[in-house]
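Participant: So that we are looking at the same thing, I have put the structure below in structure tokens.
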Amino acid sequence: MIVDLIALFLAIVAVALVPVVMMVALFRLVDYFSDEDKLEEIRRAKREGRPVDFSGIDAGDARSRTGDQPTVESAEDPQCPNCGEKNEGDFDRCWNCQATL
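Quick look at the structure:
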């Protein structure tokens with residue numbers, strides 16, 4: 001009786017985990033192929049001498065893949081061209097007016 005219950009429980013867990021494992025594998029494959037497409041596009045652009053467009057690549061993804069890179073801080077913080085606020089954190093947007101720097 002106990003053995004039957006354990007076997008039934010294991011069968012239910014196995015059946016429930018199959019879709020989860022398949023979805024994880026699918027998401028990993030899609031992520032892998034999308035990154036390969038971006039890399040191939042960059043390589044092709046460099047071979048052909050065209051300027052490389054990095055607008056489709058998320059900076060957070062690149063940083064997480066390569067690790068934190070040391071940055072050289074300038075002596076003077078850049079100012080927002082729209083409102084003149086200092087950009088002390090080296091962000092790509094102004095915290096005051098949300099303008100792109």
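Using UniProt numbering, you'd call the opening residue of the sequence shown number 1 and step up by one each time. Just so it is clear, CB atoms sit at the ideal spot from N, CA and C, and this is done for glycine as well.
List the residues that DSSP assigns as beta-bridge partners of K86.
Facilitator: Q79
Participant: Considering only their Cβ atoms, is the gap separating N87 from C97 smaller than 8 Å?
Facilitator: no
Participant: Alpha carbon to alpha carbon, how far is E73 from D92?
Facilitator: At E73 the pLDDT is 48, less than 50, meaning the model places this residue with poor confidence; the figure from the coordinates comes in the next sentence. Each residue's Cα considered, the two are about 15 Å apart.
Participant: Across which residues does DSSP place R47 in a beta bridge pair?
Facilitator: DSSP output for R47 lists no bridge partner at all.
Participant: Which parts of the region 5-46 are runs of the beta strand (DSSP E), unbroken and 3 residues or longer, counting only runs that do not cross its ends?
Facilitator: Correct list: empty.
Participant: Compute the Euclidean distance between the alpha carbons of A7 and V21, then round it to the nearest angstrom.
Facilitator: Rounded to whole angstroms, the gap between the alpha carbons of A7 and V21 is 21 Å.
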